[in-house]
Amino acid sequence: MRSDRPIEIAAVACILLAGGILFVWMIVLSDAVPTEYRSASPGFSWSWDFDYKAAMRDAGRQGEAAWPWPAKKTGNRLVLPLNQPLLFEGLKITYRGMVESGRFRLDIVIQSLDPSVTYPLNFGVPEAGHGFMAADRHFRLEKITPLYLRMRSTAQ
């Protein structure tokens with residue numbers, strides 16, 4: 001009597017082959033493995049050369065809104081993307097970016113005084129972290145990047 005069973009062996013082999021094909025098909029069609037070549041580490045070393053702007057433009061892949069985000073006020077916190085104005089308590093505030101090492105620029109328009117005049121103000125980052133005044137209102141810098149500024153309006 002023969003101990004091998006060719007029908008059972010063929011069935012198991014077909015099932016394993018079909019499972020392998022489905023697994024490879026699933027990996028190829030998913031976004032888990034990129035289809036184009038991406039070097040994880042150019043030069044095989046970590047570096048500061050991170051493309052921040054490209055990462056913000058591609059933020060939709062992580063489920064976030066694509067760059068640029070709109071300027072917004074949440075509670076007493078203001079988030080100001082670069083060159084996007086925000087109306088806040090009669091002021092139009094625009095973050096213009098870093099002007100020199102350790103300093104940034106805000107453009108302030110006082111709507112009740114003269115909406116056609118812009119007051120450019122430069123602040124030092126360390127001093128702004130402790131608090132600063134713009135048009136009789138107190139603010140405290142929370143975070144600053146090349147693309148956006150986050151600050152809090154404080155009562156004094």
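Using this note's numbering, the letters of the sequence shown map in sequence onto residues 1 to 156.
Each residue gets a CB set at the ideal place from its N, CA and C atoms; glycine is no exception.
For the beta strand (DSSP E) holding A71, just list the boundary residues, first then last.
Against the sequence shown, residue 71 aligns to sequence position 71. Careful: A71 lies outside any beta strand (DSSP E) and carries neither H nor E.
Whole-angstrom distance between N122 and M98, CA atom to CA atom
Here residue 98 refers to the residue found at position 98 of the sequence shown. Here residue 122 refers to the residue found at position 122 of the sequence shown. Looking at the backbone, the Cα of M98 and that of N122 are separated by about 9 Å.
If you measure between the beta carbons of G124 and R96, is that distance less than 7 Å?
As a position in the sequence shown, residue 124 is number 124, starting the count at 1. As a position in the sequence shown, residue 96 is number 96, starting the count at 1. R96 sits away from G124, with the two beta carbons spaced by 7 Å or more.
From F88 to N76, what distance separates their C-alpha atoms?
The residue you call residue 88 lines up with position 88 of the sequence shown. The residue you call residue 76 lines up with position 76 of the sequence shown. A straight line joining the alpha-carbon of F88 with that of N76 spans about 10 Å.
Whole angstroms are fine: how far does the CA of P146 sit from the CA of W25?
Position 25 of the sequence shown holds residue 25. Position 146 of the sequence shown holds residue 146. Going by the C-alpha atoms only, they are around 42 Å apart.
Which listed residue (Q84, R105 and L78) has its alpha carbon closest to that of S174:
This structure does not reach residue 174, given that the chain is present from 1 up to 156, and the question cannot be answered.
If we ignore side chains and look at the alpha-carbon of each, how far apart do L149 and L22 end up?
Residue numbering aside, residue 149 sits at position 149 when the sequence shown is read from its first letter. Residue numbering aside, residue 22 sits at position 22 when the sequence shown is read from its first letter. Distance between L149 and L22, taken at the CA atoms: about 48 Å.
In whole angstroms, give me the CA-to-CA distance for M1 and I27.
Taking the sequence shown and counting its residues from 1, the one referred to as residue 1 is at position 1. Taking the sequence shown and counting its residues from 1, the one referred to as residue 27 is at position 27. Residue placement at M1 is flagged as unreliable, the pLDDT there being 49, under the threshold of 50; a coordinate-derived value is accordingly withheld.
Pop quiz: L86 and A71 are said to be a contact at Cβ under 8 Å. What is the actual Cβ separation, rounded to whole angstroms?
Here residue 86 corresponds to residue number 86 of the sequence shown, with the count starting at 1. Here residue 71 corresponds to residue number 71 of the sequence shown, with the count starting at 1. About 4 Å separates the beta carbon of L86 from that of A71, a gap short enough to meet the 8 Å contact definition.
I need the straight-line Cα distance from I108 to L29, nearest angstrom please.
Here residue 108 refers to the residue found at position 108 of the sequence shown. Here residue 29 refers to the residue found at position 29 of the sequence shown. Spanning the two alpha carbons is a distance of roughly 50 Å.
Among S112, L113, D114 and M151, nearest to L106 - alpha-carbon criterion:
Taking the first residue of the sequence shown as 1, we reach residue 106 at position 106. For the residues S112, L113, D114 and M151, the minimum Cα distance to L106 belongs to M151.
Name the DSSP beta bridge partners of G153, please?
Numbered from its first residue, the sequence shown carries residue 153 at position 153. As written in the sequence, residue 153 is Ser, which differs from the Gly given in the question. As a beta-bridge residue in DSSP terms, S153 pairs with F139.
Would a C-beta distance cut-off of 7 Å place I110 and A135 closer than the cut-off?
Your numbering for residue 110 matches position 110 in the sequence shown. Your numbering for residue 135 matches position 135 in the sequence shown. The answer is yes: Cβ separation under 7 Å.
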